[in-house]
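What follows is a single structure, written as structure tokens, with notes after it.
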Amino acid sequence: MKIKYYPGCTLKYKAKNLEDSAVASLEALGCEVEEIERWNCCGAVYSLAEDDLIHKVAPVRDLIRVKEQGGDKVVTICSMCYNTLARANLMMKEDEEKRDTINRFMDEEIDYAGEVEVLHLLTFLRDEIGWDKVKEKVKKPLTDLKVAPYYGCTLQRPEEVGIEPLGSFELMSGFLEAIGAIPVDFPGAAMCCGSYQVLGNAEAVQDAAGKIISTAQTAGAEALAASCPLCEYNLGKEQDVQIFYFTQLLAAALGLDAEVSRFELNTGNAGELLKRKNFL
Amino acid sequence: MSVIIPKKSADEFFEKIKELSGQDIKLCMQCGTCSASCPMSEHMKCTPRKAIHLAQLGMDEMLHEQNTCWVCASCHTCSVRCPRGIDLARVMEAVRQLTLRKNENFIEPSKMTAEEIKNCPQIALVAGFRKLTS
Ligand code: SF4
Ligand code: SF4
């Protein structure tokens, strides 16, 4: 199966561990990953001001790249890219006036009306690969590893682009079960880590992140699975629970070489924990 | 303390917020669900509920003295929980924009240390500059 893939800027640098573990895992699951050509940064946050259309040009341009390169679906992994692309897509689908303005502004590009479907990798794994197939391919199940599935702010809010309804965490829990781990239900799953405020209000971020980690710890989690490099950065500073990208756990369960997960880029000793448990 | 609110500017401010956010803040019934849900409210001088109240009253100067919109992380928790259906994250954006559009920054990228820039994931820099600088 061929898939069109949008990496976004962080996965090419700071979160190379997220990209490499995801791509290697997808290949091990039988997918041919085609990175979109000439993609640009999506802008990381979706512009919330009504009159601010110029910041929507970047994500729409990425969607146009997918369409002109023959794709009807694009898979993305970073939660912030997912949120920004999915919301820009929805606007192009539903808001006729804004769609028209943006299409006319980008007159050098083909017209776009939300034809591409934006999928988060977790949704793709469940719907297009299937948990049964994932289970079949697992060589080293992460037996008894207690993992908190962490969604943060961008995977479920706003509701119209959420990868699953508010308050339900079955998608990532299903994933964790498929790789043999034990998903830990914890109240911090959809709490925000403080996001970009790490630049403006580092103390507030530290408090927000600390609360998430302590709820995970109280619930008995040894590790936390994330899909956002900014969450990994903010939460990783708290040392009590080890933060992984969900794709690193997948790569380990599929029996892939530890090198694809580049644990040296994680905060803390991510690789150590898996080694100690004989998962690597 | 008595406060005199000039009617004309209150309406003007209210309309400006509505234009930028698409939200009708007069719908707010001051229940405080937003403040209770906000992961950042402990670091705000004025909670989201109080900020909305100031905005409802057209007290824009007092609102601009608060740090509410500058501590907000745009996490949309308040937006999905508001019983009056106000997308408060958008209101916060409108209040931020009213300052940013005057070329005033909340953070100065040039003052960041090389270490900080090196350690930060790219999305933190892009998002932070988008939300906190003009
Ligand atoms: S949750 Fe909504 S109605 Fe309640 S105080 Fe906040 S903005 Fe007002
Ligand atoms: S969007 Fe802003 S005000 Fe609302 S809950 Fe999140 S941080 Fe608080």
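If you read the protein sequences in the order shown, they are chains U and S.
Read in order, the letters of the first sequence are residues 182 to 461 in the numbering used here.
Read in order, the letters of the second sequence are residues 395 to 528 in the numbering used here.
Glycine is no exception: its CB is placed at the ideal position from the N, C-alpha and C atoms.
Would you tell me roughly how many angstroms separate the C-alpha atoms of Gly211/U and Glu440/U, rounded to the nearest one? Computed Cα separation, rounded: 20 Å.
One question on the structure: do Tyr263/U and Val226/U come within less than 9 Å of each other, judged by their Cβ atoms? No.
Return the CA-CA distance between Ala434/U and Pro410/U, expressed in angstroms with no decimal places. Distance between the alpha carbons of Ala434/U and Pro410/U: 21 Å.
Around the C-beta of Met434/S, are 16 or more other C-beta atoms found within 10 angstroms, so that it is buried, or is it exposed? When all chains shown are included, Met434/S counts as buried.
Once the 5 residues before and after Gln378/U are set aside, which same chain residues still bring their CB inside 7 Å of it? Excluding five sequence positions before and after Gln378/U, the CB atoms of its chain that fall closer than 7 Å to its own CB belong to Ala385 and Val386, given in chain order.
I'd like to confirm something about Pro477/S: is its beta-carbon nearer than 8 Å to some heavy atom of ligand 2, or not? It does not: the Cβ of Pro477/S is nowhere closer than 8 Å to a heavy atom of ligand 2.
Can you give me, in chain order, the residues of the region 475 to 489 of chain S that have a beta carbon less than 7 Å from any beta carbon in chain U? Here the close residues are Ala483, Arg484, Glu487 and Ala488.
Count the other CB atoms, across all protein chains shown, that sit within 10 Å of the CB of Gly369/U; report buried if there are 16 or more and exposed otherwise. It is buried - the Cβ of Gly369/U has at least 16 other Cβ atoms within 10 Å.
Return the chain-ordered list of same chain residues with a C-beta closer than 8 Å to the C-beta of Glu498/S, the five sequence neighbours on each side being excluded. Ser528, listed in sequence order.
3-residue-minimum beta strand (DSSP E) runs that sit fully inside the region 293 to 358 of chain U, ordered along the chain: If you keep only unbroken beta strand (DSSP E) runs of at least 3 residues inside the region 293 to 358 of chain U, you get 298 to 301 and 327 to 330.
Just the Cα atoms here: how many angstroms apart are Lys248/U and His470/S? Each residue's alpha carbon lies about 30 Å from the other.
Could you pull out every residue in the same chain whose Cβ sits closer than 7 Å to the Cβ of Lys171/U, ignoring the five residues on either side in sequence? Here chain U has residues from 182 to 461 only, and residue 171/U is not among them.
Three or more C-beta pairs closer than 8 Å, one from the region 412 to 425 of chain S and one from the region 498 to 511 of chain S: is that the case here? No, the region 412 to 425 of chain S does not touch the region 498 to 511 of chain S.
Taking Cβ positions, are Lys418/U and Ala390/U nearer each other than 9 Å? For Lys418/U and Ala390/U, yes; Cβs fall inside 9 Å.
Measuring only between beta-carbons, confirm whether Ile501/S sits less than 9 Å from chain U. Chain U, which has a Cβ nearer than 9 Å to the Cβ of Ile501/S, makes this yes.
So, helix, strand or coil for Leu271/U, using DSSP? In the three-state DSSP reduction, Leu271/U falls in the helix class (H, G or I).
Kindly list the residues whose CB is nearer than 6 Å to the CB of Glu290/U, restricted to its own chain and excluding five residues on each side of it in sequence; keep chain order. Hits under 6 Å: Ile245.
Thinking just about the alpha-carbon of each residue, which of Leu446/U, Val255/U, Pro240/U and Arg338/U is nearest to the one in Gln423/U? Nearest option by C-alpha distance: Leu446/U.
How is the beta strand (DSSP E) around Glu216/U delimited, first residue to last? Secondary structure note for Glu216/U: its beta strand (DSSP E) is the uninterrupted segment Glu213 to Glu216.
Residues near Ala404/U by beta carbon distance below 6 Å, same chain, minus five either side: The beta carbon of Ala404/U lies closer than 6 Å to those of Val328, Gln423 and Phe425 in the same chain, with the five residues before and after it left out.
Mind checking whether the beta-carbon of Thr462/S lies closer than 8 Å to any heavy atom of ligand 2? It does: the Cβ of Thr462/S is within 8 Å (strictly closer) of some heavy atom of ligand 2.
Can you name the start and end residues of the beta strand (DSSP E) that Tyr407/U belongs to? Here the sequence assigns Ala to residue 407/U, which means Tyr is not the residue at that position. Note, Ala407/U: beta strand (DSSP E), Ala404 to Ala407.
Beta carbon of Ala269/U: closer than 8 Å to some heavy atom of ligand 2? No, the beta carbon of Ala269/U sits no closer than 8 Å to any heavy atom of ligand 2.
Hey, Ala230/U and Glu487/S are a contact pair by Cβ (cut 8 Å); roughly how many whole angstroms apart? At roughly 5 Å, the Cβ-Cβ gap stays under 8 Å, so Ala230/U and Glu487/S are in contact.
I want to verify the contact list: residues of chain S whose CB lies under 7 Å from the CB of Ser408/U, in sequence order. Chain S residues near Ser408/U: none, gap ~12 Å exceeds 7 Å.
Residues in the region 193 to 213 of chain U having any Cβ partner in chain S nearer than 9 Å: Cβ contacts with chain S come from Lys193, Tyr194, Lys195 and Ala196.
Interface residues of chain S facing Leu380/U [CB-CB closer than 7 Å]: In chain order: Ile501, Ala518, Gly522 and Leu526.
Closest Cα partner of Phe356/U within the set Val241/U, Leu302/U, Leu199/U and Leu336/U: Of the candidates Val241/U, Leu302/U, Leu199/U and Leu336/U, the one whose C-alpha sits nearest the C-alpha of Phe356/U is Leu302/U.
Are the Cβ atoms of Leu380/U and Met453/S separated by less than 9 Å? Contact: no.
Kindly examine ligand 2 and report whether one of its heavy atoms sits closer than 8 Å to the Cβ of Ala467/S. Yes.
Are the CB atoms of Cys432/S and Cys466/S nearer to each other than 9 Å? Taking 9 Å as the Cβ cut-off, Cys432/S and Cys466/S qualify as a contacting pair.
Whose Cβ in chain U lies nearer than 7 Å to the Cβ of Met509/S? It should be noted that the sequence gives Glu, not Met, for residue 509/S. Neighbours of Glu509/S in chain U, taken as residues at a C-beta separation under 7 Å, are lacking, since the least C-beta distance is about 13 Å.
List the residues of chain U whose Cβ lies closer than 8 Å to the Cβ of Leu414/S, in chain order. Ordered by position in chain U, the residues that pass the 8 Å Cβ test against Leu414/S are Ala230, Glu231 and Asp232.
Own chain residues within Cβ distance below 8 Å of Lys197/U, not counting five before or after: In chain order, Arg443 and Leu446 place their CB closer than 8 Å to the CB of Lys197/U, counting only its own chain and leaving out the 5 sequence neighbours on each side.
Limits of the unbroken alpha helix (DSSP H) element including Thr257/U: Per DSSP, Thr257/U lies in no alpha helix (DSSP H); the unbroken beta strand (DSSP E) holding it starts and ends at Lys254 to Thr257.
Is it the case that the CB of Thr427/S approaches a heavy atom of ligand 1 more closely than 8 Å? Between ligand 1 and Thr427/S, a heavy atom-to-CB distance of less than 8 Å is present.
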